[in-house]
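I have placed the structure first, in the form of structure tokens, so that the comments after it can refer back to it.
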Amino acid sequence: MSPAAATTDLLTAKRKDLLSLSNQKQSLELEVNAIISELTAPITITTDDANTTTTAPPIGIDTPLVDSEGYPRSDIDIYRARTLRKRFHEIKTDYKVLEGRIERGLLELTALRDASSDDSSGEASKLESISLSNTTKVNEAEEIKARLAPKPKPKFDPVTGKWVVKSWDGSVAGVENGVTRKFEDLTHSSEGALASIAVTAGSGRVESSGVNSSAAQQQQGSSTSSQQGSSSSSTTATEQRSTPTIQTIALTPFAVIDQVFPNSPSQEAGIQEGDLLLRFGTVTADNHSGFTSIKRAIVTELSLASANEASISIAVRRTTAMLGGVAEMIRTEMFDLRPRPWAGQGLLGCHLQEYNE
């Protein structure tokens, strides 16, 4: 067998090995996502008469499996919890081993390709055309490197109104015709409401939305001066003056954060007790019906973000007392919250309750 043919066989075998390792890695990711979803989902308990149901805290990834008195929790399957946690840690170990094998395989593949650079152009062209994707044909080693590279945070796509992620080839994943668009061209905007300020003093209330207060006062003074002139000149000035319009997207609060635990991810992100939740990732009161549906959607957002080690964009409405309590400031705050295991229960370290205005 000629050296060129031997090199070609080695390249083919190495490529198949890397494909197999990549498939194993994807299988582990799917399995760990399912485990995290089950461990972090609230538990629904049905009473004996099957007429009422209650919700218990989730099993948790590393929270205690005993109650406050030291007895095993009666609301969960202890054996199932230990099995899932054991498998979760096994997957983490296997995942690191796979990443090391893939990295070594890529180095070996690159060395083989360098050694075969003097082969016939036809054979080299044949190897170059092999691709792992049916949408873009690139060198197999470059594609695997791109798939294994850390992914940036999700961005909001103003065209589709969805949060999207970056595909391995730089295109937009998860939306129609995303392969024709570049993830880097998206602007990281959010569909939340603009920051609004409302001040209450005495019996009056003044509101502004994204407008400088001094500019608003000047506009108000100008309006007052115009009203003191003649009726005809005031009408003419009003017709000639073009006032810019500021359009905001009003979001309805659907939950109140009634507890934030110390040293939790929520506290580190800046969330405070009493904040009214306007948006949690893609979840709003407008795109879900009922608080039960919202809670299920929030659990899904948490599972995806935790599995990808990504942050979730959150919008809250916050009220702050001013002037010794005779006035208050209401504004919209935006936070990037990364769910993760910590010393307490859950992945966030805060508690939500349904909010009704």
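Take the sequence shown: its position 101, counting from 1, is numbered 86 in the numbering used here, and each next residue is one higher.
Note that beta-carbon positions come from the ideal geometry of N, C-alpha and C, so glycine has one too.
(1) For a minimum of 4 consecutive residues, which ranges assigned as the alpha helix (DSSP H) are wholly contained in the region 285 to 336?
(2) Is P250 closer than 8 angstroms to L322 when the C-beta atoms are compared?
(3) Have a look at T267, P137, E253 and flag the residue whose alpha-carbon is nearest the alpha-carbon of E294.
(4) In whole angstroms, give me the CA-to-CA distance for P353 and E161.
(5) What are the partner residues of D142, as DSSP defines its beta bridges?
(6) Starting from Q252, trace the beta strand (DSSP E) in both directions and tell me its first and last residue.
(7) Within the chosen definition, does the region 46 to 56 reach the region -4 to 14 through at least 3 CB pairs nearer than 8 angstroms?
(8) Could you compute how far the alpha carbon of A200 sits from the alpha carbon of D260?
(9) Helix, strand or coil: which one does DSSP assign to I46?
(10) Among residues of its own chain, excluding the 5 on either side of Q330, which ones have a beta-carbon nearer than 8 angstroms to its beta-carbon?
(11) So, helix, strand or coil for V364, using DSSP?
(12) Return yes when the Cβ of L263 is within less than 8 angstroms of the Cβ of L287, no when it is not.
(13) For R264, write down the residues that DSSP places opposite it in a beta bridge.
(14) Give every residue of the same chain whose Cβ lies closer than 7 angstroms to the Cβ of G344, excluding the five residues on either side of it in the sequence, and list them in chain order.
(15) Indicate the three-state DSSP secondary structure (helix, strand or coil) for T237 in the structure shown.
(16) Could you tell me the distance, in whole angstroms, from the CA atom of T165 to the CA atom of I76?
(17) Entirely within the region 45 to 99 and at least 4 residues each: give me those alpha helix (DSSP H) ranges in chain order.
In brief:
(1) You should have found no qualifying run.
(2) Within the sequence shown, the letter at position 337 stands for residue 322. Within the sequence shown, the letter at position 265 stands for residue 250. Taking 8 angstroms as the Cβ cut-off, L322 and P250 qualify as a contacting pair.
(3) Numbered from its first residue, the sequence shown carries residue 294 at position 309. Comparing Cα-Cα distances from E294 to each of T267, P137, E253, the minimum goes to P137.
(4) Only positions -14 to 342 of the chain appear in the structure, and residue 353 is not among them; the question remains open.
(5) Against the sequence shown, residue 142 aligns to sequence position 157. DSSP output for D142 lists K147 as bridge partner(s).
(6) As a first step, residue 252 must be located in the sequence shown, where it is residue number 267. Per DSSP, Q252 belongs to no beta strand (DSSP E); it is in the alpha helix (DSSP H), 250 to 254.
(7) no
(8) Within the sequence shown, numbered from 1, the residue matching residue 200 stands at position 215. Within the sequence shown, numbered from 1, the residue matching residue 260 stands at position 275. For A200, the predicted structure reports a pLDDT of 38, less than 50, and the residue's modelled location is therefore unreliable. A value from the coordinates is still provided. Rounded to whole angstroms, A200 to D260 spans 29 angstroms at the Cα level.
(9) Stepping through the sequence shown from its first residue, residue 46 is reached at position 61. Three-state result, I46: coil.
(10) Taking the sequence shown and counting its residues from 1, the one referred to as residue 330 is at position 345. The residues are P42, P43, G45, T48.
(11) Residue 364 lies beyond the residue range present for the chain, which begins at -14 and ends at 342; the question has no answer from this structure.
(12) As a working mapping, residue 287 is identified with position 302 in the sequence shown. As a working mapping, residue 263 is identified with position 278 in the sequence shown. Contact: no.
(13) Counted from its first residue, the sequence shown places residue 264 at position 279. A300, per the DSSP bridge assignment.
(14) Any property of residue 344 remains undetermined from this structure, which presents the chain solely from -14 to 342.
(15) The residue labelled residue 237 in the question sits at position 252 within the sequence shown. In this structure, T237 counts as coil in the three-state DSSP scheme.
(16) For this step, residue 165 is matched to residue 180 along the sequence shown. For this step, residue 76 is matched to residue 91 along the sequence shown. Approximately 35 angstroms, taken between the alpha carbons.
(17) With a minimum length of 4 residues, no continuous alpha helix (DSSP H) run stays inside the region 45 to 99.
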